[in-house]
Amino acid sequence: MEIGFIGLGAMGRAMAKNLAAAGHVVKAWNRSGGGVDGVTMVGTPREAFTGDAVLTMLSDDAAIRQVVLDSDVLAQARQGLIHIVSSTISVAFAHELVKLHEQHGIGYVSAPVLGRPDVAAKGELHVLAAGAPPSVQKVRPLLDVIGGKIWDLGTEAPMANAAKIACNMMITMAIEAMAEAVVLTEANGLSRDRFFELILGTLFGSRSYQVYSANIANENYEPGFKATLGLKDLRLAAEAAAQVGASLPMLEAVHRRMKETVEAGFGDRDWSAMADFTIRASHSR
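Quick note: the sequence shown, position 47, residue 69 per the working numbering, numbers continuous.
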């Protein structure tokens with residue numbers, strides 16, 4: 023297939039490279055330039071909307087609005103093209119995108135992903151896919167390249183966005199839970215290494231606990247996913263909760279804690295630096 027790709031951050035680069043390696047013709051545009059092996063770089067976003075499908079991996083609602091909507095790319099896109107949005111975006115914006123694509127006769131699939139850059143490089147992302155079945159089916163070969171497992175979350179695209187936001191919310195809750203557990207156990211003489219060995223071998227053996235317990239144990243917060251992006255996703259979760267009139271106290275707590283972490287200067291570190299902030303804050307009291 024001929025594929026457009028927009029957004030070559032750490033995740034996007036790995037995804038585009040895997041698509042090209044799988045034999046697809048990939049034409050990419052990136053706001054900050056650069057290049058990827060096997061991928062043809064183009065000069066404008068419009069040129070990425072001329073194939074069978076285009077995948078965007080931009081940072082947030084505002085970036086997609088600027089690159090895709092403000093430039094009126096949809097009005098110039100090839101008819102029959104399917105637009106796959108793998109960014110973590112708000113549920114409200116996903117609804118807006120569905121309507122705009124329908125107006126322009128362009129297919130639309132929400133396909134946010136779970137996984138860090140190392141997982142993306144292996145083509146083992148969890149892809150949360152939702153949208154009109156014909157559109158999802160058409161781009162399934164592309165999703166199979168970037169993902170180790172494709173989760174079919176329904177015929178309404180925003181369902182996938184709600185799921186992704188909820189997943190990221192739960193990861194931050196896990197990070198904060200581990201941090202607070204370390205405060206209790208270290209205060210009583212148990213090392214965090216020994217405690218994490220316990221929880222990983224009993225109650226909490228999932229990848230999120232494995233990855234972020236290692237960060238906390240080693241005090242290594244080199245960014246895989248920046249705290250500023252984590253704060254953005256928690257804001258999206260808070261907005262989604264407000265839209266349905268829900269009160270989510272744990273969300274409010276981690277949202278506040280991540281905000282404090284970013285304000286303390288940890289914004290460019292991995293979002294698990296929130297744990298370091300919590301542990302340090304407990305020692306200062």
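Cβ coordinates follow ideal geometry from the N, Cα and C atoms, glycine included.
These numbers come from a predicted model, not from an experiment.
Going by alpha carbons, who is nearest to residue i out of the options?
i, options, result
"residue 165", "133, 96, 214, 84", "133"
"residue 72", "109, 56, 44, 28", "28"
"residue 26", "156, 126, 250, 161", "161"
"residue 125", "94, 146, 152", "94"
"residue 39", "190, 247, 61, 32", "61"
"residue 172", "135, 118, 292, 154", "135"
"residue 79", "211, 31, 189", "31"
"residue 294", "232, 266, 207", "232"
"residue 89", "103, 66, 108", "66"
"residue 123", "109, 220, 96", "96"
"residue 257", "103, 174, 191, 222", "191"
"residue 53", "41, 246, 306, 86", "86"
"residue 208", "48, 109, 42, 304", "304"
"residue 278", "113, 222, 299, 210", "299"
"residue 266", "247, 109, 113", "113"
"residue 163", "34, 44, 306, 115", "44"
I'd like to know whether the C-beta atoms of residue i and residue j end up nearer to each other than 8 Å.
i, j, result
"residue 149", "residue 168", "yes"
"residue 249", "residue 284", "yes"
"residue 64", "residue 105", "no"
"residue 276", "residue 195", "yes"
"residue 253", "residue 272", "no"
"residue 111", "residue 83", "yes"
"residue 243", "residue 291", "yes"
"residue 98", "residue 68", "yes"
"residue 197", "residue 255", "no"
"residue 251", "residue 81", "yes"
"residue 107", "residue 91", "no"
Suppose the cutoff is 6 Å on Cβ atoms and the five residues either side in sequence are ignored; what does the same chain contact list for residue i look like?
i, result
"residue 263", "270"
"residue 23", "46, 74"
"residue 146", "170"
"residue 158", "131, 151"
"residue 51", "28, 64, 67, 70"
"residue 176", "152"
"residue 193", "230"
"residue 115", "83"
Please list, in chain order, all residues of the same chain as residue i whose beta carbon is under 8 Å from its beta carbon, the five residues on each side excluded.
i, result
"residue 204", "214, 217, 238, 297, 301"
"residue 42", "48, 58, 59, 60, 61"
"residue 288", "243, 249, 295, 296, 298, 299"
"residue 174", "151, 152, 158"
Starting from the C-beta of residue i, find all residues in its chain whose C-beta is less than 7 Å away, skip the five residues before and the five after it, and write them out in chain order.
i, result
"residue 36", "139, 142, 143"
"residue 178", "152"
"residue 156", "none"
"residue 245", "290, 291, 292"
"residue 189", "136"
"residue 286", "299"
"residue 247", "138, 292, 293"
Heavy atom of the ligand COA less than 7 Å from the Cβ of residue i, yes or no?
i, result
"residue 182", "Of ligands this structure carries none, so the ligand COA is not represented either."
Given 8 Å, three or more beta-carbon pairs between the region 226-240 and the region 54-69: no
Is it true that the region 180-189 meets the region 243-262, where meeting means three or more beta-carbon pairs spaced less than 8 Å apart? yes
Of all the alpha helix (DSSP H) runs that stay within the bounds of the region 174-249, which reach a length of 4 or more residues? 180-209, 214-223, 229-240
Restricting to runs no shorter than 4 residues, where is the alpha helix (DSSP H) found entirely within the region 92-121? 95-98
Write down every uninterrupted run of the beta strand (DSSP E) in the region 125-149 whose length is 3 residues or greater and which is fully enclosed by it, in chain order. 129-132
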